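So the number in the numbering used here is just where the residue sits in the sequence shown, counting from 1, plus 107.
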Amino acid sequence: MEPLNEDLEAMFNFESPNENCRFFIAKENGEIVGFSRVHFYGWNKSAYVISLLVNIGYRRRGINSLLLRVVEDFARENGAHVLMFDTAIDNIPALSLYLKNGIKICGYNEKLYGNAKIALYLAKEL
Ligand SMILES: CC(C)(COP(=O)(O)OP(=O)(O)OC[C@H]1O[C@@H](n2cnc3c(N)ncnc32)[C@H](O)[C@@H]1OP(=O)(O)O)[C@@H](O)C(=O)NCCC(=O)NCCS
């Protein structure tokens, strides 16, 4: 299923309840065309990539690979030992992207999304 084309600017208009939450954005001609939202946890020195999105029309141009590299470098430089992700088992674009970037499947959760889809957990040691 193709996700809707979203108003990415609108997604930043909220107060984050997590002070260790960071957004990484990709811009083209002044417009946000992709972003990643990452939460940082001190107790296990991890960075959890809560969301990754590139706007339709800008995909398959390496934007997310670039964002991922920036997130990874930032996490490493700030003491994270592992980068973590989850995605639906049938999300082929995301899974392909992760596997191509050395991110490995490390578990699953049948209840995470509240629908019939199984969530896969993935991780990369930094
Ligand atoms: C997943 C997503 C973020 C990828 O962003 P992107 O900028 O298009 O990714 P890139 O161009 O950096 O792609 C890197 C690699 O990922 C893989 N990939 C990306 N999109 C793919 C697709 N539709 N089908 C198969 N492989 C794909 C390819 O290996 C690709 O390398 P290649 O183009 O050299 O073959 C984008 O498709 C998206 O926003 N999807 C909707 C939101 C989502 O599912 N987020 C992730 C899970 S929460």
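For every residue, glycine included, the Cβ atom is placed at its ideal position computed from N, Cα and C. These figures come from a predicted structure and were not determined experimentally.
Presumed contact (8 angstroms Cβ cut-off) between residue i and residue j, rounded CB distance
i: Tyr215; j: Ile225; result: 5 angstroms
i: Ala154; j: Ala201; result: Actually they are not in contact, since the Cβ atoms of Ala154 and Ala201 sit about 17 angstroms apart, beyond 8 angstroms.
i: Val178; j: Lys231; result: In fact, because the Cβ distance is near 10 angstroms, the residues do not count as touching under 8 angstroms.
i: Asp193; j: Tyr228; result: 5 angstroms
Strand pairing of residue i, partner residues [DSSP]
i: Tyr148; result: Ser153
i: Leu159; result: Ser143
i: Lys134; result: Ile139
i: Lys231; result: Leu190
i: Ala226; result: Ala195 and Asn216
Any non-hydrogen atom of ligand 2 closer than 7 angstroms to residue i Cβ
i: Ile139; result: Summarising the ligand content, the structure contains ligand 1 and does not contain ligand 2.
Inter-stretch contact (C-beta, 8 angstroms, three-pair minimum) for the stretch 128-138 and the stretch 168-182:
Segment contact: the stretch 128-138 against the stretch 168-182, three or more CB-CB distances shorter than 8 angstroms; contact assigned.
Distance cut 6 angstroms, beta-carbon to ligand 1 heavy atom: residue list by chain order:
Those satisfying the condition are, in chain order, Pro110, Ser158, Leu159, Leu160, Val161, Arg166, Arg167, Arg168, Gly169, Ile170, Asn171, Ser172, Thr194, Asn198, Ile199, Pro200, Ala201, Ser203, Leu204 and Lys207.
Report the start-end ranges of each alpha helix (DSSP H) in the stretch 157-220 that is 4 residues or longer and not cut off at the edges.
Note on the stretch 157-220: whole alpha helix (DSSP H) runs with a minimum of 4 residues are 170-184 and 199-207, in chain order.
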